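Under this note's numbering, the residues of the sequence shown are numbered 34 to 407, in order.
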Amino acid sequence: MKKVGFIVNPIAGMGGKVALKGTDGKNIVKKAKELGAEQESPQKAEMALKSLKEELKKEAEVELITFPHLMGEELLKNSGLSYQVIGSIEKDNTTAEDTKRAARLMKEKYQVDLLLFAGGDGTARDVYDALNLDLPALGIPAGVKIHSAVYATTPKNAGIIAARFIEGEISATEEAEVMDIDEKEFRKGRVTAKLYGYLKVPVERRLRQNLKSGSADSEERAAEAIAAGIIETMKKDCLYLVGPGTTTRPIMQKLGLEYSLLGVDAVANKELLALDLREADILDLLEQYPEAKIIVTAIGGQGYIFGRGNQQFSEKVLKKVGKKNIIVAATRNKLSALNGPLLIDTPEPALNKKLAGYYKVVIGHQDFMMQKAE
């Protein structure tokens with residue numbers, strides 16, 4: 034019988050919709066809860082389990098080894114999968130040490146064949162500290178910031194990869210980067226990514242995300258042309274919600290407005306309404322403006338337009354704005370480097386499907402390219 038370790042970081046991703054850029058540290062978790070943040074990681078982990086169950090052949094003998102409560106047990110109760118609960122934790126106060134302890138136990142005492150974990154870059158670091166390259170691991174994307182290459186592209190695809198690895202359809206593994214950034218610096222608008230190490234992951238390039246790439250200096254001129262084109266088309270009395278990124282930053286710069294770079298800013302009639310909005314702030318503004326548009330860019334090297342680093346554009350926000358009012362901006366080089374479609378990964382599969390399809394991506398001044406999103 035194959036054994037799969039299953040670890041969920043319940044607080045991963047909580048800071049996204051309330052504009053906290055992550056949830057590393059007890060104080061930030063406390064602040065996220067005070068701002069009304071809800072746990073989303075368990076929901077994404079559950080999607081991966083459902084996919085795993087659907088993908089596994091009936092004759093496959095698999096047992097999942099997990100930790101108590103929302104670190105895995107609660108999700109497995111109704112999954113239809115065989116599982117065993119080990120260890121102990123404080124029910125509503127999980128920590129990074131719990132993740133490390135769980136991973137070590139699963140490696141050393143239970144000798145799992147694969148460790149499946151849900152979280153973000155901080156969780157990947159914790160798993161790396163416990164495993165190094167001793168056994169294969171795979172991440173279910175559930176964090177605010179995911180620079181690491183150890184994650185599947187979506188929770189559903191994490192389940193598919195895990196099932197194929199368990200059944201031997203995928204047998205090869207490779208070393209993939211575990212990256213993280215300094216959240217304190219991130220909240221000040223400075224991105225400092227650091228390589229922490231490598232995890233051994235199943236080889237499945239199509240369903241596993243790439244390492245996030247940065248912006249080259251030559252891209253700045255292209256982004257300025259994109260900004261000029263978008264500004265020319267801005268409509269009177271329309272709300273523009275400008276998402277994070279170096280491609281969208283020149284829009285605010287050319288308008289002569291303050292900007293948050295890593296947050297969502299609001300503009301109307303070419304004037305600044307608010308900086309670094311939370312989901313609740315955006316929903317309030319949408320009540321005030323009958324017409325609204327979202328401006329986003331694709332994450333370099335990965336292609337995500339929703340679900341990574343801009344969770345303030347929540348399911349409620351996206352449903353209210355609608356696909357026809359989404360403006361995607363990306364340089365030609367960024368799109369060419371993707372070697373695939375743009376990606377959407379909100380917690381609602383039905384919404385992802387509704388938002389999928391072709392977008393007229395702004396790639397320059399009055400220059401466009403049709404690009405598929407899925």
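Cβ coordinates follow ideal geometry from the N, Cα and C atoms, glycine included.
Treat the numbers as computed from the prediction; the structure is a model and nothing was measured.
Below 8 Å between beta carbons: does that hold for residue i and residue j?
{"i": "G336", "j": "G373", "result": "yes"}
{"i": "P380", "j": "E348", "result": "yes"}
{"i": "Y184", "j": "Q242", "result": "yes"}
{"i": "L97", "j": "A196", "result": "no"}
{"i": "D159", "j": "K133", "result": "yes"}
{"i": "S410", "j": "A182", "result": "Nothing about residue 410 can be reported from this structure: the residues present for the chain run from 34 to 407 only."}
{"i": "L114", "j": "F198", "result": "no"}
{"i": "H398", "j": "G262", "result": "yes"}
{"i": "E252", "j": "T99", "result": "no"}
{"i": "K233", "j": "L138", "result": "no"}
{"i": "K83", "j": "G192", "result": "yes"}
{"i": "E237", "j": "I284", "result": "no"}
{"i": "D270", "j": "A301", "result": "yes"}
{"i": "R282", "j": "L294", "result": "yes"}
{"i": "K86", "j": "S121", "result": "no"}
{"i": "I338", "j": "I377", "result": "yes"}
Between the options, which has its C-alpha nearest residue i's C-alpha?
{"i": "E367", "options": "D270, Q242 and G333", "result": "According to the sequence provided, residue 367 is Lys. The question's Glu does not apply to it. Checked all of D270, Q242 and G333; the closest Cα to K367 is G333."}
{"i": "A313", "options": "Q345, M80 and V275", "result": "Q345"}
{"i": "P382", "options": "K405, A81 and F401", "result": "A81"}
{"i": "G155", "options": "Y143, P174, D146 and L168", "result": "P174"}
{"i": "K140", "options": "D270, G201, N165 and V95", "result": "N165"}
{"i": "G38", "options": "M267, A136 and K386", "result": "A136"}
{"i": "Y273", "options": "I315, L108 and E257", "result": "I315"}
{"i": "Y231", "options": "E304, H180, G192 and S204", "result": "H180"}
{"i": "G105", "options": "A163, T279, A93 and L149", "result": "L149"}
{"i": "M212", "options": "R238, G153 and M403", "result": "G153"}
{"i": "A256", "options": "K326, L171, A331 and L85", "result": "A331"}
{"i": "E265", "options": "G276, L288 and P277", "result": "L288"}
{"i": "E200", "options": "K405, E207, L228 and P235", "result": "P235"}
{"i": "V354", "options": "Y391, S369 and K387", "result": "K387"}
{"i": "V361", "options": "V350, F401 and T206", "result": "F401"}
{"i": "G276", "options": "R341, R254 and K268", "result": "R341"}
{"i": "N343", "options": "K178, G390 and K352", "result": "K178"}
{"i": "A129", "options": "A163, Q321 and K77", "result": "A163"}
{"i": "A280", "options": "A260, K268 and A389", "result": "Per the sequence shown, the amino acid found at residue 280 is Thr instead of Ala. Comparing Cα positions, the closest option is A260."}
{"i": "K124", "options": "P43, Y143, K35 and E202", "result": "P43"}
{"i": "K110", "options": "E94, Y392 and E79", "result": "E79"}
Pull up the DSSP beta-bridge partners for residue i, would you.
{"i": "R241", "result": "A185"}
{"i": "F401", "result": "V395"}
{"i": "I119", "result": "Answer by DSSP bridge pairing: none, since I119 is not bridged."}
{"i": "V37", "result": "L97 and L147"}
{"i": "I193", "result": "Paired residue(s): none; I193 is not in a bridge."}
{"i": "V234", "result": "E207"}
{"i": "A406", "result": "L375 and G390"}
{"i": "M212", "result": "L228"}
By DSSP, does residue i sit in helix, in strand, or in coil?
{"i": "L148", "result": "strand"}
{"i": "G390", "result": "strand"}
{"i": "V297", "result": "coil"}
{"i": "K54", "result": "Its pLDDT being 49, under 50, K54 is placed unreliably in this model, and the coordinates cannot settle the point."}
{"i": "K227", "result": "strand"}
{"i": "A135", "result": "helix"}
{"i": "M267", "result": "coil"}
{"i": "G12", "result": "Limits of the chain in this structure are 34 at one end and 407 at the other, which puts residue 12 out of reach."}
{"i": "A170", "result": "strand"}
{"i": "G262", "result": "helix"}
{"i": "G105", "result": "strand"}
{"i": "Y273", "result": "strand"}
{"i": "P380", "result": "coil"}
{"i": "V160", "result": "helix"}
{"i": "D125", "result": "coil"}
{"i": "L89", "result": "coil"}
{"i": "E130", "result": "helix"}
{"i": "E141", "result": "helix"}
{"i": "K178", "result": "coil"}
{"i": "I432", "result": "In the structure as shown, the chain begins at 34 and stops at 407. Residue 432 is therefore absent and cannot be evaluated."}
{"i": "N165", "result": "coil"}
{"i": "K287", "result": "helix"}
{"i": "P75", "result": "helix"}
{"i": "V45", "result": "The sequence given here places Ala at residue 45; Val does not occur at that position. Correct three-state label for A45: coil."}
{"i": "S84", "result": "helix"}
{"i": "L114", "result": "coil"}
{"i": "G153", "result": "coil"}
Using a Cβ-Cβ distance cut-off of 8 Å, determine whether residue i contacts chain D.
{"i": "E106", "result": "Judged by its chain identifiers, the structure shown contains no chain D, having just a single protein chain."}
What are the start and end residues of each continuous alpha helix (DSSP H) run of 4 or more residues lying completely inside the region 299 to 362, in chain order? 312 to 321 and 348 to 354
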